[in-house]
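Participant: Handing you this structure, nothing more for now.
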Amino acid sequence: MLFMMKNSRIVFMLLLISSTVYTHGQSNGLTGSPYSLFGLGVQSNSSVGRFSSMARTGIALSSGTQINLSNPASFAGIEQKRFLFDIGGLTEINSLSDRQTDDERRVTGNFSSLAIAFSINSKSNLGISLIPETNVGYALTGIETPVEGSTETFVGSVIGSGALNTVAVDYGYRLSKNIHIGAKATYLFGKITENENVSTQLDALNISEENFYSGIKLGLGIQTQITPKIRLGIITELPSTLGATQDRNVSRTLDSSPNAVEIENGIDINDFKLPLQIGSGLNYTFREGFNISFDYRKYFWNATDQSDNVGEFIDQDIISLGGEFTTNPRGLRYWEHISFRGGINYDTGYLKVENTTIDRLSASIGIGIPVGKKGNQINFSYTRALRGEVENILVQENQNLFNINLSFKDIWFVQRKFN
26 MLFMMKNSRI
36 VFMLLLISST
46 VYTHGQSNGL
56 TGSPYSLFGL
66 GVQSNSSVGR
76 FSSMARTGIA
86 LSSGTQINLS
96 NPASFAGIEQ
106 KRFLFDIGGL
116 TEINSLSDRQ
126 TDDERRVTGN
136 FSSLAIAFSI
146 NSKSNLGISL
156 IPETNVGYAL
166 TGIETPVEGS
176 TETFVGSVIG
186 SGALNTVAVD
196 YGYRLSKNIH
206 IGAKATYLFG
216 KITENENVST
226 QLDALNISEE
236 NFYSGIKLGL
246 GIQTQITPKI
256 RLGIITELPS
266 TLGATQDRNV
276 SRTLDSSPNA
286 VEIENGIDIN
296 DFKLPLQIGS
306 GLNYTFREGF
316 NISFDYRKYF
326 WNATDQSDNV
336 GEFIDQDIIS
346 LGGEFTTNPR
356 GLRYWEHISF
366 RGGINYDTGY
376 LKVENTTIDR
386 LSASIGIGIP
396 VGKKGNQINF
406 SYTRALRGEV
416 ENILVQENQN
426 LFNINLSFKD
436 IWFVQRKFN
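Just so you know, this note's numbering puts the end of the sequence shown at 444, numbered straight through with nothing missing.
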């Protein structure tokens with residue numbers, strides 16, 4: 026009992042320290058994408074363990090050695106008395122092209138993910154994770170608008186930042202040797218800030234809006250071993266609604282003297298609806314240490330009946346293919362335990378602007394480097410992605426993403442004996 030209490034304290038301290046670092050880190054943002062202007066931002070590029078280098082596949086993969094957040098049923102695969110921990114960081118380098126001006130480059134980076142998982146008993150396992158759902162980080166500057174009846178112009182800028190974060194609890198249950206089921210409960214919360222400034226030579230108007238969102242969504246999953254080499258996974262996440270409020274601050278600067286014009290807190294604004302999501306995945310194992318995965322996800326945005334200021338929401342499809350190769354997981358040589366990974370991902374997008382769908386195509390490669398003899402790994406990945414196209418008011422975004430995740434596992438709830 027004493028040893029269990031000590032382990033529980035360790036878990037609590039890890040969560041407390043990690044969440045403090047994570048919350049502080051998110052204030053600096055994890056994207057510089059101009060497309061984060063739409064909706065509640067762009068989908069996060071953060072992931073855990075090996076999965077960012079495998080094109081974010083994982084619906085049919087187990088969490089046996091590394092945490093997998095793609096399917097709550099995967100947690101049933103964690104060995105009894107095991108404890109898994111994962112912390113990640115992400116650097117994003119964006120370049121924007123409109124074929125008329127020089128490409129613009131933006132660099133962002135921060136802590137990106139935290140997760141733990143552990144066994145409860147011989148059939149049940151639990152996971153807790155903190156990871157961004159969406160990210161916002163755009164800047165529109167130098168916007169000139171002529172003043173009617175005058176030769177003077179207004180110069181405006183709009184800067185947005187923030188994130189929608191998730192705290193998720195995943196529960197996996199081993200129904201039988203070949204059938205695992207799971208459930209997920211996710212609390213979403215976050216703040217999105219937009220600062221707009223309009224100025225002339227003598228006058229300036231600043232509008233600051235902070236939008237706060239929160240809500241809960243639920244999900245279910247199942248994994249089954251169809252044959253010794255083929256594994257199937259199915260997931261669903263139910264529709265949910267995020268409640269929203271706004272703090273608004275308007276000030277005017279005249280002759281270098283700022284004056285408050287309007288200050289309102291806790292204003293009710295439109296809720297944001299998250300759609301029904303379904304997904305399925307297949308994993309084929311050629312041999313131990315060599316497997317490929319195929320995932321398909323669909324988000325039913327049309328059913329939410331909502332729109333953005335400049336576009337409309339449409340149903341979204343995401344198709345991904347990933348693979349992993351390890352020379353000999355049971356080998357005695359260090360290099361035999363190094364894992365090589367890769368994958369491709371196509372996202373049709375959920376927003377249409379002036380009849381143009383904002384889609385995204387990406388390719389990933391990565392490597393898992395062993396640390397010690399317990400199966401711990403440092404996971405590196407690089408992803409190259411293209412989002413959008415040069416059309417009407419749109420630009421093409423070229424992304425270079427660098428992920429690093431530290432994935433550790435250990436035995437807990439076991440009292441060591443010394444003779």
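Ideal Cβ positions, reconstructed from N, Cα and C, are used throughout, including at glycine.
These figures come from a predicted structure and were not determined experimentally.
Express the C-alpha separation of ALA164 and ARG277 in angstroms, rounding to a whole number.
Facilitator: Within the sequence shown, residue 277 is the residue found at index 252, counting from 1. Within the sequence shown, residue 164 is the residue found at index 139, counting from 1. So the two alpha carbons sit approximately 21 Å from each other.
Participant: Count the C-beta pairs between the region 255-271 and the region 92-110 that are closer than 8 Å, then say yes if the count reaches three, no if not.
Facilitator: Touching, per the Cβ criterion.
Participant: Starting from LEU243, follow its DSSP beta bridges and name the residues at the other end.
Facilitator: If you number the sequence shown from 1, residue 243 lands on position 218. Its beta-bridge partners are ALA210.
Participant: Given this structure, state the Cα-to-Cα distance separating GLU219 from ASN370, to the nearest angstrom.
Facilitator: For the purposes of this step, residue 219 is identified with residue 194 of the sequence shown, where counting begins at 1. For the purposes of this step, residue 370 is identified with residue 345 of the sequence shown, where counting begins at 1. If I take the Cα positions, the gap works out to 31 Å.
Participant: By Cβ distance, which residues of its chain are closer than 8 Å to VAL73, with the 5 residues on each side in sequence left out?
Facilitator: Counting from 1 along the sequence shown, the entry for residue 73 is found at position 48. Within the same chain, VAL73 has close Cβ partners GLN91, ILE92, ASN93, LEU94, ASP111, GLY113, SER138, ALA140, SER154, ILE156, ASN430, SER432.
Participant: Pull up the distance between the alpha-carbon of GLY336 and that of ILE343, whole angstroms please.
Facilitator: As a working mapping, residue 336 is identified with position 311 in the sequence shown. As a working mapping, residue 343 is identified with position 318 in the sequence shown. Their Cα atoms are separated by approximately 20 Å.
Participant: Considering only their Cβ atoms, is the gap separating GLY291 from THR270 smaller than 9 Å?
Facilitator: In the sequence shown, the residue the question calls residue 270 occupies position 245. In the sequence shown, the residue the question calls residue 291 occupies position 266. Yes, these two residues count as a Cβ contact at 9 Å.
Participant: Could you tell me the distance, in whole angstroms, from the CA atom of GLU262 to the CA atom of SER305?
Facilitator: Reading the sequence shown from its first residue, position 237 is the one you call residue 262. Reading the sequence shown from its first residue, position 280 is the one you call residue 305. Computed Cα separation, rounded: 12 Å.
Participant: Going along the chain, which residues of its own chain have a beta-carbon closer than 6 Å to the beta-carbon of SER71, five neighbours each way excluded?
Facilitator: The residue you call residue 71 lines up with position 46 of the sequence shown. These residues qualify, in order along the chain: LEU115, SER137, SER138, ILE156, PRO157.
Participant: Give me, in chain order, the residues of the same chain whose beta-carbon lies closer than 7 Å to that of ARG81; leave out the 5 immediate sequence neighbours on both sides.
Facilitator: Residue 81 sits at position 56 when you count from the first residue of the sequence shown. Around ARG81: SER72, SER345, ASN370.
Participant: If you reduce the DSSP assignment to three classes, tell me which class PHE76 lands in.
Facilitator: For this step, residue 76 is matched to residue 51 along the sequence shown. DSSP places PHE76 in helix when its eight states are reduced to three.
Participant: Rank ILE392, LEU301, ASN308, ILE247 by C-alpha distance to the C-alpha of PHE325 and give the top, closest one.
Facilitator: For the purposes of this step, residue 325 is taken as residue 300 along the sequence shown, with counting starting at 1. If we check each option's Cα against that of PHE325, LEU301 comes out closest.
Participant: Buried or exposed: which applies to ARG130, given that a residue is buried once 16 or more other Cβ atoms fall within 10 Å of its Cβ?
Facilitator: Along the sequence shown, one-based indexing puts residue 130 at 105. With fewer than 16 Cβ atoms within 10 Å of its Cβ, ARG130 is classed as exposed.
Participant: Would you decide whether ILE228 is buried or exposed? Buried here means 16 or more other CB atoms lie within 10 Å of its CB.
Facilitator: Residue 228 sits at position 203 when you count from the first residue of the sequence shown. What sits at residue 228 in the sequence shown is Asp, not Ile. When all chains shown are included, ASP228 counts as exposed.
Participant: LYS377 lies in the beta strand (DSSP E); which residues open and close that run?
Facilitator: As a position in the sequence shown, residue 377 is number 352, starting the count at 1. Looking at the DSSP string, the run of the beta strand (DSSP E) that includes LYS377 is 376-378.
Participant: Following the continuous beta strand (DSSP E) through GLY347, name the residue where it begins and the one where it ends.
Facilitator: To locate residue 347, count along the sequence shown from 1; it is residue 322. It spans 341-351 - the beta strand (DSSP E) in which GLY347 sits, taken as one unbroken run.
Participant: Among LYS377, PRO395, GLY348, which one has its Cα closest to the Cα of TRP360?
Facilitator: Working through the sequence shown from its first residue, we reach residue 360 at position 335. Per the Cα distances, PRO395.
Participant: Going along the chain, which unbroken runs of the beta strand (DSSP E) with 3 or more residues stay wholly within the region 258-301?
Facilitator: Segments of the beta strand (DSSP E) lying fully in the region 258-301: 265-279, 282-293, 297-299.
Participant: By alpha-carbon positions, which one of ILE217, ALA101, LEU62, ASN190 ends up nearest to SER69?
Facilitator: To locate residue 69, count along the sequence shown from 1; it is residue 44. Comparing Cα positions, the closest option is ASN190.
Participant: Have a look at GLU349 and VAL286 and give me their C-alpha separation to the nearest angstrom.
Facilitator: Stepping through the sequence shown from its first residue, residue 349 is reached at position 324. Stepping through the sequence shown from its first residue, residue 286 is reached at position 261. Taking the straight line from one Cα to the other gives about 58 Å.
Participant: Could you pull the start and end residues of the beta strand (DSSP E) that LYS323 belongs to?
Facilitator: In the sequence shown, residue 323 corresponds to position 298, counting from 1. Counting along the chain, the beta strand (DSSP E) containing LYS323 begins and ends at 315-324.
Participant: Decide if ASN295 is buried, meaning its Cβ has at least 16 other Cβ atoms within 10 Å, or exposed.
Facilitator: Counting from one through the sequence shown, the residue named residue 295 turns up at place 270. The residue in question, ASN295, is exposed, as its Cβ has fewer than 16 Cβ neighbours within 10 Å.
Participant: Would DSSP call ASN231 helix, strand or coil?
Facilitator: As a first step, residue 231 must be located in the sequence shown, where it is residue number 206. Three-state DSSP puts ASN231 in a strand.
Participant: How is PHE108 classed by DSSP in three states: helix, strand or coil?
Facilitator: Sequence index remark: in the sequence shown, residue 108 carries index 83 (1-based). It is a strand residue.
Participant: For PHE63, which of helix, strand or coil comes out of DSSP?
Facilitator: Residue 63 sits at position 38 when you count from the first residue of the sequence shown. Coil.
Participant: Considering only their Cβ atoms, is the gap separating GLY187 from ASN160 smaller than 9 Å?
Facilitator: Locating residue 160 in the sequence shown gives position 135, counting from the first residue. Locating residue 187 in the sequence shown gives position 162, counting from the first residue. The answer is yes: Cβ separation under 9 Å.
Participant: Give the DSSP-derived three-state secondary structure of THR373 in the structure shown.
Facilitator: Taking the first residue of the sequence shown as 1, we reach residue 373 at position 348. Coil at THR373, not helix or strand.
Participant: Nearest-angstrom Cα distance between LEU243 and TYR196?
Facilitator: Looking up residue 243 in the sequence shown gives position 218. Looking up residue 196 in the sequence shown gives position 171. Going by the C-alpha atoms only, they are around 12 Å apart.
Participant: Report yes if the C-beta distance between PHE297 and GLY152 is below 9 Å; otherwise report no.
Facilitator: Here residue 297 is taken as the residue at index 272 of the sequence shown, counted from 1. Here residue 152 is taken as the residue at index 127 of the sequence shown, counted from 1. No, the Cβ-Cβ distance between PHE297 and GLY152 is not below 9 Å.
Participant: Using the Cβ count rule (16 or more neighbours within 10 Å means buried), how would you classify ASN150?
Facilitator: As a working note, residue 150 is residue 125 in the sequence shown. Looking at its Cβ environment, which holds 16 or more other Cβ atoms inside 10 Å, ASN150 is buried.
Participant: Quick one: grab the DSSP three-state call for ALA328.
Facilitator: One-based indexing of the sequence shown puts residue 328 at position 303. ALA328 falls in the helix class under three-state DSSP.
Participant: Tell me whether SER99 sits in a helix, a strand or coil according to DSSP, three-state version.
Facilitator: On the sequence shown, position 74 is the one that residue 99 refers to. In this structure, SER99 counts as helix in the three-state DSSP scheme.
Participant: My output table needs one value for GLU337: the three-state DSSP class, helix, strand or coil.
Facilitator: To locate residue 337, count along the sequence shown from 1; it is residue 312. Three-state result, GLU337: strand.
Participant: By the 10 Å Cβ neighbour count, where 16 or more other Cβ atoms means buried, how is SER332 classified, buried or exposed?
Facilitator: For the purposes of this step, residue 332 is taken as the residue at position 307 of the sequence shown. Classification for SER332: exposed.
Participant: In the structure shown, what three-state DSSP assignment does GLU219 receive?
Facilitator: For the purposes of this step, residue 219 is taken as residue 194 along the sequence shown, with counting starting at 1. Note: GLU219 maps to strand in three-state DSSP.
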